[in-house]
Amino acid sequence: MALRTGGSALRLGFDVGGTKVALALGDEAGGVLGRQRIAFPGTGRPRDDVGQMLEAARALLAKHGATFADLAGVGLALPGPMDAEAGRVLSPPNLPGWHDVAIADWVAEATGAPVATENDADAAALAEWRHGAARGAEHAVFLTMSTGVGAGLVLGGRVHRGRAGAGEVGHAPVEWEGEACACGLRGCLEAYVGGAAWARRLRRLAPDGGRVVELAGSKGAVTPEHLVAAAGEGDPFALAELERWNTYLARGIAWIEMALSPDVVVLGTIARAAADLCLGPVRRLVAEQTWGLGGGPRIVAGELGDDLPDRAALAVAEFAVERAAAS
Ligand SMILES: [Zn+2]
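Letter by letter, the sequence shown follows residues 498 to 824 in the numbering used here.
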């Protein structure tokens with residue numbers, strides 16, 4: 498199959514999640530021309546799921562008077578576990594029926610364009626490195642703390658994938674014999690700062706009649722967002738919980754600093770929402786737990802916000818364009 502490498506300027510990105518797929522159309526200069534969200538098809542048949550995603554892409558391109566023939570590259574940001582080098586999704590828990598799916602080949606066959614894939618944390622790291630808070634850094638770590646906790650690593654200007662998928666810092670131990678983690682181990686960073694683990698803890702401990710429960714409507718509905726909002730109002734329970742969260746997050750970042758010595762650690766999700774209450778204490782705690790050679794890493798909140806899924810998928814598409822041009 499001949500791949501186009503010149504003359505076509507558009508980039509297409511898919512950020513594939515268990516509930517929705519974010520599609521984005523970008524230009525050569527890094528601008529986002531159009532975007533669309535569809536529900537993840539979830540037919541249980543990967544071919545059909547990908548077929549529906551490609552149909553949505555065809556429609557998005559048509560809105561801009563373009564077709565697959567106008568694409569210089571396609572990027573896929575995908576949930577792990579996956580083999581980014583081979584463009585295969587292995588068996589992500591949140592994509593039912595997807596077992597060893599050669600998605601990059603399928604998309605390349607359908608579009609005729611070069612295709613690159615990355616796991617979603619690495620794609621987010623690439624996006625913050627190209628367009629956001631890690632711009633200009635040689636070594637950048639993007640730490641996401643949504644349901645799970647993971648890191649995307651851009652080291653020496655390249656995504657670092659390691660032997661079998663690097664960046665699983667959510668399962669670095671921050672406590673011996675600590676809280677049980679969804680992975681089966683105990684004391685993992687994710688069991689303390691992951692959104693799902695934290696929500697479970699808050700639903701158990703948030704005081705009845707307190708501000709957190711009041712904001713959530715009921716104890717069973719409490720999420721970290723309510724906690725962050727209550728902490729912003731000075732609620733004592735919320736502030737104490739956030740202090741605990743900062744403490745464990747700092748332990749995780751200290752571990753990253755000692756292992757990798759990055760220029761910058763970019764914090765997504767919860768830390769971005771709670772930046773005012775989080776960044777100062779976390780910077781101080783990390784400095785206390787590391788040697789800070791060369792001044793320590795910059796610890797900052799992500800800049801891309803709601804644009805992150807689009808930017809992440811387009812950053813991977815840009816990688817597909819560059820790789821095709823170099824080969
Ligand atoms: Zn774990």
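For each residue, glycine too, the CB sits at the ideal point set by N, CA and C.
Worksheet entry | Euclidean distance between Cα positions of residue 774 and residue 702 | 21 Å
Fill in: Every unbroken beta strand (DSSP E) within the stretch 501–564, with a cutoff of 3 residues, ordered by chain
507–513, 517–523, 529–536
Worksheet item: Cβ of residue 675 within 8 Å of any heavy atom in ligand 1?
Response: no
Worksheet entry | residue 749 CB to nearest heavy atom of ligand 1 below 8 Å | no
Worksheet item: Taking one C-beta from the stretch 507–516 and one from the stretch 813–820 each time, how about it: are there three or more such pairs within less than 8 Å?
Response: yes
Item to complete: Drop a sphere of 10 angstroms on the beta-carbon of residue 664, count the other beta-carbons inside from all chains shown, and report buried for 16 or more, exposed for fewer.
Response: buried
Practice prompt. Anything with a beta carbon under 5 Å from a heavy atom of ligand 1 counts; list them all in chain order.
Written response: 668, 678, 680, 682, 685
Worksheet entry | Spatial neighbours of residue 712 in its chain, beta-carbon cut-off 7 Å, leaving aside the 5 residues before and after | 723, 726, 727
Worksheet item: Under a Cβ-count criterion, where at least 16 other Cβ atoms within 10 Å of its own Cβ denotes burial, should residue 579 be classed as buried or exposed?
Response: buried
Worksheet item: In terms of residues, what are the limits of the beta strand (DSSP E) holding residue 640?
Response: 636–641
Discussion item. Could you compute how far the alpha carbon of residue 529 sits from the alpha carbon of residue 520?
Written reply: 11 Å
Worksheet entry | Beta-carbon proximity of residue 635 to residue 653, cut-off 9 Å | yes
Fill in: Distance between residue 567 and residue 685 (C-alpha atoms, nearest Å)
46 Å
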